[in-house]
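Remarks on the structure that follows.
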Amino acid sequence: MKTIILFLAMTATVVAKANDAKYVEAMSKNIEAVYKAQTIEELQNAVNAFDRIANAEKTKWEPLYYSAFGYVMMADREKDNLKKDNYLDLAATSVEKAKKINENESEIIAMEAFIHLIRLNVDPASRGQKYSTLAMLSLEKALQANPENPRALMLLAQLQFGTARFFGAPTTQACGTVTKALEKYETYKSENPIAPRWGKETTEKLKQNCQ
Amino acid sequence: MTKSALTLFFVTLSVCLSAQIKIKGIVKDTKGEPLPGVNVMIKNSYDGSSSITDGTFSITTEEKGKQTIVASYVGYKTFEQLVELAGNEIDLTISLKEEINQLDAVVISAGSFTAGDEKRRTILKAVDIATTAGATADIAGALNTLPGTQKVGETGRLFVRGGTGNETRTFIDGMVVLNAYNPSAPNTPSRGRFLPFMFKGTSFSTGGYSAEYGQALSSALVLNSKDKAEMNQTDIGILSVGADVAHTQVWDKASWTGKVQYTNVNPYIGLVKQRVDWKTAPISLEGSTAYRQKVGKSGILKLFGNFNNSTFAMYSHAILDPTISLPYRLTNNYGYGNATYQTLLNEKWNMRSGLSYSYNKNDIKLGDSLLNETEKGIHAKSVLEHSLSDQVEIRLGGEIIDRNYSASRYDTISKQFQSRSFRESISSFFGEAEAYADKHFVAKAGGRFEYNALIGQASFDPRLSMAYKPAKKGQLSFAYGSFRQTPENQYVRINTQLSPERSEHFILSYQVISERRTFRVETYYKNYFSLVKFVNGNPYQLTNSGNGYAKGIEFFWRDAKSIRNVDYWISYSYLDTKRDYLNYPYAVVPTFASAHNFSFVYKHFITPIKSQVGFTYSYTSGRPYYNPNLSTEKFQSEQTPFYQDISANISYLPKSSLIVYVSCTNLLGRDNIFGYQYSAQPNSSGEYVSQAVRQPAPRFLFLAVFITISKNKSVNQLPNL
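Sequence order for the protein chains is L and P. Quick note on numbering: the first sequence equals residues 335 to 545 in the numbering used here. Quick note on numbering: the second sequence equals residues 11 to 731 in the numbering used here.
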């Protein structure tokens with residue numbers, strides 16, 4: 335009897351660990367897919383996978399985060415402004431759900447800022463002030479939650495470059511932020527095996543504006 | 011381990027290694043077209059897949075028993091079906107129904123221009139109202155470049171499709187605004203009281219508007235104020251005609267903005283010669299305050315107040331002998347407050363309620379005669395909106411508008427005070443239902459029931475509109491409505507039992523909006539009846555026997571795409587109208603109507619000089635005027651020369667928080683004539699002498715510097731200019 339109970343207890347632990355491993359494996363597979371995706375169709379497939387995992391794992395913020403990331407990438411590639419806004423709305427819904435699970439996660443708040451920046455791009459003349467303000471407020475919160483977050487720094491640099499370019503002002507502040515971002519891409523490592531890693535290439539491209 | 015334990019172990023193992031089930035099939039829309047990219051999954055499981063280009067999908071799963079298959083795709087209603095997972099393979103055909111997504115569904119656009127609400131396909135953006143050259147940041151001025159409007163330059167008001175300036179009514183957040191224009195000297199243009207910077211959206215209708223709005227024969231100008239602000243900032247404006255300071259304070263769930271503005275045109279007229287003989291050019295002090303608060307999960311409370319005290323004095327010269335002049339002085343005190351509350355009652359019900367109060371007092375002194383006029387009004391309104399389904403929405407509301415008007419005059423000749431006053435209370439109920447057949451067809455039907463306590467009359471006015479979107483881009487729209495409006499105060503005070511003036515609109519419109527280009531053509535017929543008319547030319551005997559008509563066709567083309575950083579629009583209106591009202595002996599073209607109205611508006615952001623440059627060209631064909639020297643058969647048969655104006659503005663941004671703004675109207679200095687006034691008496695030869703009604707000055711030059719102080723360096727007032 336004792337042996338059976340011990341055996342069943344061991345099986346339970348193995349099953350639990352297996353579930354966690356299953357989650358990390360499924361997430362890792364789809365994270366690779368979303369990073370590698372080139373077309374809107376490929377991105378849609380990855381987003382669909384994340385939405386399914388999010389539906390099954392109601393306590394995890396990462397699937398919603400990557401679902402938002404996928405939609406933002408789709409919005410960026412989409413040429414039709416109406417569809418762009420559509421994708422951004424879907425990204426925003428995923429971010430809202432993620433925020434409910436983890437209120438103070440720097441990566442989620444930085445993703446919110448990313449959505450504001452792409453919205454701005456759809457119509458800079460009308461949306462410039464509103465969305466640059468909202469992006470700035472989100473990035474401040476994201477950096478407060480984690481001052482080492484390289485993605486928040488990269489998005490801040492983008493915002494600063496955009497503003498400087500619009501007013502024909504010097505880019506010193508933006509360049510300072512880019513350097514700091516690149517530094518953090520090297521030094522900052524999250525404990526979470528499926529934490530976001532994207533954005534280094536974009537930051538390196540931004541740095542080229544500083545020579 | 012015992013034998014039974016081992017058996018248990020192997021049984022458990024075999025259960026875990028149970029057979030996989032394959033779920034496959036195809037996803038189509040209601041027309042039978044395959045849908046790729048659809049997310050097909052087993053509810054609460056990781057298992058699922060996306061449909062490929064031909065709409066087919068294939069899922070492999072180890073789940074068993076009763077499971078729900080979910081299929082979801084943007085723009086379509088999510089599909090769910092319960093299946094029994096048994097056997098080897100399951101084949102499903104999934105049909106997804108289109109969702110009526112507000113962003114690309116058909117929209118009823120006949121007779122309406124919506125600006126703002128950046129996600130919808132609108133013709134104008136909120137910024138446009140403020141950046142149009144020639145308007146000098148006046149809402150009516152900017153809207154005057156749209157089709158359906160008539161340029162009546164000596165008044166500065168909105169005249170729409172053969173209607174007078176009084177026939178356009180202004181609403182802020184759904185609440186009526188009485189006396190929406192600053193008072194002005196005779197034949198000098200007035201400006202709207204509210205600046206574009208306060209509003210996130212504007213809906214300007216040239217006819218056929220919703221049953222929610224009433225007491226406007228021609229047009230409803232619906233302004234939606236901004237929601238809660240996001241950032242603290244202080245704005246300072248130094249203008250050639252005054253100065254203003256505004257401050258915005260933001261809290262977690264609320265924000266407050268206050269503004270004080272002082273305007274004094276005297277230094278300007280000291281430098282730039284004017285045709286008006288000013289004794290004291292307009293001076294005004296204005297304050298406004300706006301408070302927004304989020305209440306609960308979905309409610310928002312908005313409080314708005316505006317106070318204005320203004321005065322001016324001029325000399326009015328007699329036409330026959332200009333050396334005879336009378337001083338004319340006007341002092342105006344104005345206050346407007348409104349409170350609105352909007353919230354979701356639950357998933358399907360939405361409520362908006364509001365209360366507004368207007369107070370307007372004019373004290374006029376002409377020579378030794380005194381006239382004062384006071385109008386006070388309270389408006390209370392409540393609207394419920396309900397989604398019966400995701401295709402049908404109904405709106406029901408009730409409102410009361412209670413107005414008190416009084417005018418008194420001290421006549422120096424009779425040495426007596428005469429006064430007239432009235433109180434009008436109108437209660438209304440309105441209802442409207444909007445139904446989408448699918449993304450391509452929508453119809454809206456409604457009606458407005460009113461009871462006017464002053465005349466003891468009840469009335470019902472139907473409204474109907476529909477729109478059809480045959481292809482992806484164009485849409486066809488139709489609107490019909492019956493409208494009524496109490497005549498102007500100056501007539502009602504003489505005969506308080508006058509019936510409302512009435513109009514009927516029939517409008518047909520076609521528009522195509524694609525990316526950043528818009529094309530629109532609209533045609534209409536308006537029928538006027540029950541207009542105020544003088545009996546036998548006696549202005550103190552009034553009846554409702556007047557009538558008229560207006561018809562026309564309008565074109566609009568806007569392109570923000572073809573030339574980089576350039577946004578332009580062209581609008582043309584043709585108007586054919588006649589009316590028989592007031593002192594007219596028979597139906598003729600009224601003095602405010604012109605057959606052809608054309609505008610070309612151009613805006614260009616020039617990055618190397620960090621400036622937004624704009625210019626506007628306007629042309630209006632001649633307008634009729636009354637010449638008392640002519641016989642009755644030739645009543646109002648002569649026309650003024652055509653009107654033409656080129657205005658320009660430039661906003662220069664040397665730093666992100668600083669804007670230098672210069673604008674000038676009528677660059678070429680054309681001597682535009684709006685009409686002719688005639689002497690009250692004939693001269694010694696028996697002829698009435700005329701005097702042209704001209705612009706107060708050949709040009710109006712305006713300079714301003716705007717400074718914004720805030721934490722975010724990229725914030726400035728450019729969108730407000």
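Just so you know, even glycine gets a beta-carbon here, dropped at the ideal spot from N, CA and C. Treat the numbers as computed from the prediction; the structure is a model and nothing was measured.
Cβ-Cβ distance between V512(L) and L471(L) below 8 Å: Position 178 of the first sequence holds residue 512(L). Position 137 of the first sequence holds residue 471(L). It is not a contact, given that the beta carbons lie outside the stated cut-off.
Within chain L, the residues that V84(P) reaches when beta carbons sit closer than 7 Å: By one-based count along the second sequence, residue 84(P) stands at place 74. Those within 7 Å of V84(P) in chain L are N420 and L424.
Nearest candidate by alpha-carbon position, reference L654(P), set N682(P), K665(P) and T553(P): Position 644 of the second sequence, counting from 1, holds the residue named residue 654(P). One detail in the question is off: residue 654(P) reads as Gln in this sequence, not Leu. For Q654(P), the closest of N682(P), K665(P) and T553(P) by C-alpha to C-alpha distance is N682(P).
Against chain P: residues of the region 446-461 of chain L by CB proximity under 8 Å: D457, A459, S460 and R461
Coil, strand or helix - E128(P) by DSSP: Position 118 of the second sequence, counted from the first residue, corresponds to residue 128(P). Note that E128(P) scores a pLDDT of 49, beneath 50, so its modelled location is shaky; the value from the coordinates is reported in the next line. Assignment of E128(P) by DSSP, reduced to helix, strand and coil, places it in the coil class.
CA-to-CA distance, E538(L) to N360(P), given in whole angstroms: The sequence position of residue 360(P) within the second sequence is 350, counting from 1. The sequence position of residue 538(L) within the first sequence is 204, counting from 1. Each residue's Cα considered, the two are about 49 Å apart.
C-alpha gap between T497(L) and G247(P), whole angstroms: Residue mapping note: residue 497(L) aligns to position 163 of the first sequence, counting from 1. Residue mapping note: residue 247(P) aligns to position 237 of the second sequence, counting from 1. Each residue's Cα considered, the two are about 22 Å apart.
Interface partners of S68(P) on chain L, CB under 7 Å: Reading the second sequence from its first residue, position 58 is the one you call residue 68(P). Correct list: empty, because the minimum Cβ distance to chain L is about 13 Å.
Complete beta strand (DSSP E) runs within the region 384-472 of chain P (minimum length 3 residues, chain order): 402-421, 426-448 and 451-462
Short Cβ contact (8 Å threshold) for Q77(P) with I52(P): For the purposes of this step, residue 77(P) is taken as residue 67 along the second sequence, with counting starting at 1. For the purposes of this step, residue 52(P) is taken as residue 42 along the second sequence, with counting starting at 1. Going by C-beta atoms, Q77(P) is nearer than 8 Å to I52(P).
Nearest neighbour of R479(P), chosen from G151(P), I334(P), I523(P) and Y698(P) [CA to CA]: Position 469 of the second sequence, counted from the first residue, corresponds to residue 479(P). In the sequence on display, residue 479(P) carries Lys and not Arg. Of G151(P), I334(P), I523(P) and Y698(P), the residue nearest in Cα terms is I523(P).
Within chain L, partners of M208(P) - CB distance below 7 Å: Counting from one through the second sequence, the residue named residue 208(P) turns up at place 198. Those do not exist, as M208(P) stays about 15 Å from chain L at its closest Cβ, beyond 7 Å.
Residue from Q687(P), R458(P) and D237(P) with nearest C-alpha to Q352(P): Here residue 352(P) is taken as the residue at index 342 of the second sequence, counted from 1. Nearest of Q687(P), R458(P) and D237(P) to Q352(P), Cα basis: D237(P).
Contacts that P44(P) makes with chain L (C-beta to C-beta distance below 7 Å): Taking the first residue of the second sequence as 1, we reach residue 44(P) at position 34. The contacting residues do not exist; P44(P) stays about 14 Å from chain L at best.
CB contact below 8 Å: T393(L) versus chain P: Translated into positions along the first sequence, residue 393(L) becomes position 59. So, not an interface residue.
Proximal residues, the region 366-396 of chain L versus chain P, C-beta separation under 7 Å: E375, Q378, N379, N382, D385, R386, I387, N389 and A390
Contacts of F501(L) in chain P (Cβ-Cβ under 7 Å): By 1-based counting over the first sequence, the position of residue 501(L) is 167. Per Cβ cutoff of 7 Å: K620, L663, K665 and S666.
L330(P) versus T601(P) - alpha carbon distance: If you number the second sequence from 1, residue 330(P) lands on position 320. If you number the second sequence from 1, residue 601(P) lands on position 591. The straight-line gap from Cα to Cα measures roughly 23 Å.
Same chain, Cβ closer than 6 Å to F710(P), five either side skipped, listed in chain order: Along the second sequence, read from residue 1 onward, the residue named residue 710(P) stands at position 700. Cβ within range, chain order: T675.
Whole alpha helix (DSSP H) elements within the region 299-346 of chain P, 4-residue minimum: none
Chain L contact for Y578(P) (CB, 8 Å cutoff): Taking the first residue of the second sequence as position 1, residue 578(P) is located at position 568. No, no contact with chain L.
Sheet register partners of T244(P) (DSSP bridge): Mapped onto the second sequence, residue 244(P) falls at position 234. According to DSSP, which records beta bridges pairwise, T244(P) is partnered with H257(P) and I719(P).
Residue-level contact to chain A via CB, N49(P), 8 Å cutoff: Absence of chain A from the displayed structure is noted, the protein chains being L and P.
Option in A380(L), A390(L) and E375(L) with minimal Cα separation from S55(P): As a working note, residue 55(P) is residue 45 in the second sequence. Closest option to S55(P), Cα to Cα, is A390(L).
Alpha carbon of L239(P) to alpha carbon of D423(L), nearest angstrom: Reading the second sequence from its first residue, position 229 is the one you call residue 239(P). Reading the first sequence from its first residue, position 89 is the one you call residue 423(L). In the sequence under discussion, the amino acid at residue 239(P) is Ala, which differs from the Leu named in the question. A239(P) and D423(L): Cα-Cα distance of roughly 21 Å.
CB of S105(P) within 8 Å of CB of T63(P), strictly: To locate residue 105(P), count along the second sequence from 1; it is residue 95. To locate residue 63(P), count along the second sequence from 1; it is residue 53. No, these two residues do not count as a Cβ contact at 8 Å.
Beta-ladder partner(s) of V270(P), from DSSP: Position 260 of the second sequence holds residue 270(P). The partner list for V270(P) (beta bridge, DSSP) reads V255(P) and G297(P).
Which listed residue (P706(P), S700(P) and I717(P)) has its alpha carbon closest to that of P332(P): Mapped onto the second sequence, residue 332(P) falls at position 322. Of the candidates P706(P), S700(P) and I717(P), the one whose C-alpha sits nearest the C-alpha of P332(P) is S700(P).
Proximal residues, the region 235-259 of chain P versus chain L, C-beta separation under 7 Å: E240 and M241
Near-chain L residues of the region 52-80 of chain P - C-beta to any C-beta below 9 Å: I52, K53, N54, S55, Y56, D57, G58, S59, S60, I62, T63 and V80
Neighbourhood of G65(P) by C-beta, 7 Å cutoff - its chain only, sequence neighbours within 5 removed: Residue mapping note: residue 65(P) aligns to position 55 of the second sequence, counting from 1. Answer for G65(P): I36, V37, K38, P44, L45 and P46, listed in chain order.
Residue nearest to I410(P) in terms of C-alpha spacing, selected from R430(P), S399(P), Q426(P) and E434(P): In the second sequence, counting from the first residue as 1, residue 410(P) sits at position 400. When each option's Cα is compared against that of I410(P), the closest is E434(P).
Residue span of the alpha helix (DSSP H) that contains R461(L), given as start and end: Within the first sequence, numbered from 1, the residue matching residue 461(L) stands at position 127. Bounds of the alpha helix (DSSP H) holding R461(L) are P458 to A479.
Interface flag, V715(P) vs chain L, CB-CB below 8 Å: The sequence position of residue 715(P) within the second sequence is 705, counting from 1. No - not a single Cβ of chain L is within 8 Å of the one on V715(P).
Closer than 8 Å at the beta carbon, the chain P residues around N436(L): Translated into positions along the first sequence, residue 436(L) becomes position 102. Neighbours of N436(L) on chain P: none; closest Cβ ~20 Å, over 8 Å.
Per DSSP, the bridge partner or partners of Q495(P): Along the second sequence, one-based indexing puts residue 495(P) at 485. The bridge partners DSSP lists for Q495(P) are E511(P).
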